[in-house]
Every structure is written in C-alpha cells, then in structure tokens.
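Trainee: At the far end of the sequence shown sits residue 129, using the numbering used here, and the numbering has no gaps.
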Amino acid sequence: MFLLPPRLPLTFYCPLWQEHTCVLHSIVGWGSTVGRWARVEGTPNDPNPNDPRARMDSESLFKDGKLLPAITILGCRVRIPAEVLILNSIVLPHKELSRSFTNQIIL
23 MFLLPPRLPL TFYCPLWQEH TCVLHSIVGW GSTVGRWARV EGTPNDPNPN DPRARMDSES
83 LFKDGKLLPA ITILGCRVRI PAEVLILNSI VLPHKELSRS FTNQIIL
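(1) Within 10 angstroms of the Cβ of T94, are there 16 or more other Cβ atoms? Answer buried if so, exposed if not.
(2) Taking R121 as the reference, give the member of G87, P103, S111, G53 with the closest Cα.
(3) Can you say whether P37 is buried or exposed, counting buried as having 16 or more other CB atoms within 10 angstroms of its CB?
(4) With a threshold of 8 Å on Cβ separation, who are the neighbours of R58 within its own chain once the five nearest residues in sequence on each side are excluded?
(5) Among all the DSSP beta bridges, which residues are the ones paired with L129?
(6) Shortest alpha-carbon distance to V45 belongs to which of R61, S54, T55?
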C-alpha cells in the first residue's frame, strides 16, 4: 500500500506546474497545466489514522443543492491559467478554465 504525505497532491504522467504554483489535497490528471501563481486546493476529510475504529462518513456529495467541500480533482488535459483559484471542485477532462471556481463541478 502506497501512502502519500497528507498535503501532497496525487499526479499522473507529467502535469505541468509553472512557477509559484500551489497544489494541495488534489488529484491532477494526465497532461494538465497549472499556470503561474495559480492555486488548486481541496479540503481533506480523512478519518483519524490513530483511531482504530475510524471510518469514512458516507455523506452525500451535495447539501442543499451545493457541492460539499472535498478534494479537488482535475481531469486529463485541463488548463488552468495564471492567478486562478480552484477550490473544492471537480473539473472534467479537456477543459480550459478562464476564471476561479469554488465548490463547483465543471462539465
């Protein structure tokens, strides 16, 4: 079993991160590009690893029609421009974003 340190992102096949990029608690797909001074961040909701009875809550992804905070997922070949914030969002593959998003599913 392979465990990542808690704040490192999971990346696949050479994503391009430009200077001063911040990627935390996220999954970044193949061939994705994150521009300069951009921030891609999710909210971790892991169970306590020191509690032998810890388990994940089986909550819904939505509450009152809004996406609950969770990790951020970028599909393959997603392009995020410079100085953009992507927070707690899911971005489907082959998207080119032009602005910041929070708690969104980008189809």
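Glycine included, C-beta positions come from ideal geometry on N, C-alpha and C.
Mentor: If we stick to the structure as given:
(1) One-based indexing of the sequence shown puts residue 94 at position 72. Buried, because 16 or more other Cβ atoms sit within 10 Å of the Cβ of T94.
(2) Sequence index remark: in the sequence shown, residue 121 carries index 99 (1-based). Of G87, P103, S111, G53, the residue nearest in Cα terms is P103.
(3) Residue numbering aside, residue 37 sits at position 15 when the sequence shown is read from its first letter. By the 10 Å Cβ count, P37 comes out buried.
(4) Locating residue 58 in the sequence shown gives position 36, counting from the first residue. Contacts found: Q40, E41, H42, T43, A104, E105.
(5) If you number the sequence shown from 1, residue 129 lands on position 107. According to DSSP, L129 bridges with nothing at all.
(6) Counting from 1 along the sequence shown, the entry for residue 45 is found at position 23. Out of R61, S54, T55, R61 has the C-alpha closest to the C-alpha of V45.
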